[in-house]
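Protein chains in written order, with UniProt numbering: chain A, 1 to 65; chain B, 1 to 65; chain C, 1 to 65; chain D, 1 to 65; chain E, 1 to 65; chain F, 1 to 65.
By construction, the Cβ of each residue, glycine as well, lies at the ideal position given by its N, Cα and C atoms.
It should be emphasised that the depicted structure is a prediction, and the values quoted were computed from it without experimental measurement.
Number of protein chains: 6
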Amino acid sequence: MPIVTIQQFPRDLAQKRELAQRITQAFVEVYGASEESVQVFFNEVDGESWAKAGTMGCDRSPARG
Amino acid sequence: MPIVTIQQFPRDLAQKRELAQRITQAFVEVYGASEESVQVFFNEVDGESWAKAGTMGCDRSPARG
Amino acid sequence: MPIVTIQQFPRDLAQKRELAQRITQAFVEVYGASEESVQVFFNEVDGESWAKAGTMGCDRSPARG
Amino acid sequence: MPIVTIQQFPRDLAQKRELAQRITQAFVEVYGASEESVQVFFNEVDGESWAKAGTMGCDRSPARG
Amino acid sequence: MPIVTIQQFPRDLAQKRELAQRITQAFVEVYGASEESVQVFFNEVDGESWAKAGTMGCDRSPARG
Amino acid sequence: MPIVTIQQFPRDLAQKRELAQRITQAFVEVYGASEESVQVFFNEVDGESWAKAGTMGCDRSPARG
C-alpha cells in the first residue's frame with residue numbers, strides 16, 4: 001500500500017509517466033511512504049464505456065467534457 | 001459522487017446508453033442527486049477474464065450463464 | 001454478473017433499498033439479465049474520505065456539493 | 001458474494017483457469033462458501049497502465065519486477 | 001502486482017488469515033509470483049450495503065444467502 | 001473523470017487534505033484537467049483487512065511494513 005487506481009480517459013504514455021511520478025512523490029513527501037510501496041493503476045475508458053448526467057461520453061459535446 | 005462502476009459482459013452501445021439513463025434517473029428520483037453528479041463506468045469483461053464457481057466464463061455452458 | 005459498485009455519501013436504508021430495486025429492474029428490462037445475477041454494493045464514504053477539486057468534502061460548503 | 005477482483009499482468013488462459021479453481025476452492029474450504037457464490041474478475045494491465053515507485057512498468061528493468 | 005480485492009461479508013480474523021495464505025500460495029504456485037508481490041484487500045460489507053436480485057442483504061431470508 | 005481511488009492505511013485528515021491537493025494539482029498541470037473534474041476517494045483499511053506475502057497486516061512486524 002498505497003494502491004492508487006485511476007479511472008480516466010485514454011492519455012499518452014508520456015503524460016501517464018509524469019503523472020505517476022508526481023503522485024508517487026506526493027505520497028513520499030506527505031505520508032512519508034516508501035517509493036517502492038506506491039503502485040498506480042490506470043483504468044482507461046472511452047466514451048462508449050462512461051456516462052455522465054445520463055449521457056454516454058461519446059454522445060456528449062466536447063464542451064460539456 | 002455518486003460514482004457507479006459496473007462489471008459486466010460486453011453489451012452494445014444502445015443498451016449501455018439506455019441503462020445509463022435509467023440508473024441516473026433512479027439516483028435523481030430516489031436520492032435527489034443532481035444529474036451532473038452521477039457518473040457510470042462500464043468495465044466489460046469477457047469469458048477469459050471472469051470465472052464463477054471455479055469455472056472460467058468461456059468454459060461454462062451458456063445455460064449456466 | 002453484472003456487479004454494480006457505487007461510491008456515494010451515506011444514505012438511509014430505505015433509499016438504498018429503493019435504489020437497488022430500480023437498478024436491478026433496469027438491468028432486467030434493458031439487458032434481459034436475470035434478477036438473481038444482479039448484485040449492488042454500496043461503498044459509503046464521508047467528507048473526510050473524499051475530495052473534489054482538491055478540497056476535502058468536509059471542507060466544501062454544502063452549496064458546492 | 002464473495003466477489004474477487006484481481007489487478008495483474010496479462011496471463012494465459014490455462015493459468016487463469018487454474019488460479020480461479022484454487023481461489024474458489026479456498027473460499028469453499030475456509031469460509032464454507034458455496035462454489036456458485038464465488039466470482040473472480042481478472043483486470044489485466046500492461047506496463048503502460050501500471051507504475052511502481054514512480055516508474056511505469058514498461059520502463060522498469062525486468063529484474064525490478 | 002497482483003493486487004486482490006475481495007468484496008465479502010464480514011469474517012473473523014482467523015478465517016481471513018487462512019484465506020490470505022491460500023490465495024497467496026495459489027499465485028506463487030500457479031503464476032510463479034513472488035510472495036512479497038501479492039497483496040489482498042478485504043472490503044467487508046454488511047446486509048445494509050449489499051443487494052442481490054433487487055433485495056437488500058438485510059431483507060433476504062438466510063436460506064436465499 | 002478522472003476518479004482516483006486510493007487503498008491505504010488510515011491517515012489523519014490533514015495529511016489526506018494535502019495529498020488530495022497535490023494529486024489534483026498534478027492532474028491539472030500534467031493532463032490539463034479542470035480542478036472540478038478530479039475526485040479522490042480514500043479507502044482506508046487496517047491490518048485486519050489487508051495482507052501482504054500471505055501475512056495479515058496486523059501480524060506483520062512494523063519493520064516489514
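Taking the alpha-carbon of residue i as reference, which of the options has the nearest alpha-carbon?
| i | options | result |
| --- | --- | --- |
| Ala26(F) | Val40(F), Ala51(F), Gln7(F) and Glu48(F) | Val40(F) |
| Gly32(D) | Cys58(E), Val45(E) and Glu18(E) | Glu18(E) |
| Gly54(E) | Glu44(C), Trp50(C), Gly47(C) and Ser37(C) | Ser37(C) |
| Glu29(A) | Gln15(F), Ser34(F) and Ala51(F) | Gln15(F) |
| Ile6(C) | Ile23(E), Val45(E), Ala20(E) and Asp59(E) | Val45(E) |
| Arg22(A) | Asn43(D), Met56(D) and Thr24(D) | Met56(D) |
| Pro2(F) | Ala20(F), Trp50(F) and Glu48(F) | Ala20(F) |
| Leu13(D) | Lys52(D), Phe42(D) and Glu48(D) | Phe42(D) |
| Arg11(A) | Phe9(D), Pro10(D), Glu48(D) and Val4(D) | Glu48(D) |
| Ser34(C) | Thr24(E), Glu35(E), Lys52(E) and Ser61(E) | Lys52(E) |
| Val4(A) | Asp59(D), Trp50(D), Ser61(D) and Cys58(D) | Trp50(D) |
Where do the ends of the beta strand (DSSP E) carrying residue i lie?
| i | result |
| --- | --- |
| Val4(A) | Ile3 to Gln8 |
| Val38(A) | From DSSP, Val38(A) is part of no beta strand (DSSP E); its letter is neither H nor E. |
| Ala51(D) | Trp50 to Lys52 |
At 8 Å on the CB atoms, spell out the chain D contacts of residue i, in chain order.
| i | result |
| --- | --- |
| Glu18(A) | The premise fails here: Glu18(A) is roughly 10 Å from chain D at the closest Cβ pair, so nothing lies under 8 Å. |
| Glu44(A) | Ser49 |
What first and last residue would you give for the alpha helix (DSSP H) that runs through residue i?
| i | result |
| --- | --- |
| Ala20(B) | Leu13 to Tyr31 |
Give the interface partners of residue i over in chain B, defined as CB-CB distance under 7 Å, in chain order.
| i | result |
| --- | --- |
| Ile23(F) | Under the 7 Å cutoff, chain B gives no residues; its nearest Cβ is about 16 Å from Ile23(F). |
| Ala26(A) | Near Ala26(A) there are no residues of chain B at all, since even the closest Cβ is about 22 Å away, more than 7 Å. |
Who are the neighbours of residue i on chain I, taking C-beta pairs under 9 Å?
| i | result |
| --- | --- |
| Glu29(D) | The chain labelled as chain I is not found among the protein chains of the depicted structure, namely A, B, C, D, E and F. |
So with CB distances below 9 Å, who are the chain B contacts of residue i?
| i | result |
| --- | --- |
| Gly32(A) | The premise fails here: Gly32(A) is roughly 29 Å from chain B at the closest Cβ pair, so nothing lies under 9 Å. |
The segment 1–17 of chain B: which residues have C-beta closer than 8 Å to a C-beta of chain C, in chain order? For the segment 1–17 of chain B, the residues whose beta carbon sits under 8 Å from a beta carbon of chain C are, in order, Met1, Pro2, Ile3, Val4, Thr5, Ile6, Gln7, Gln8, Phe9, Arg11 and Gln15.
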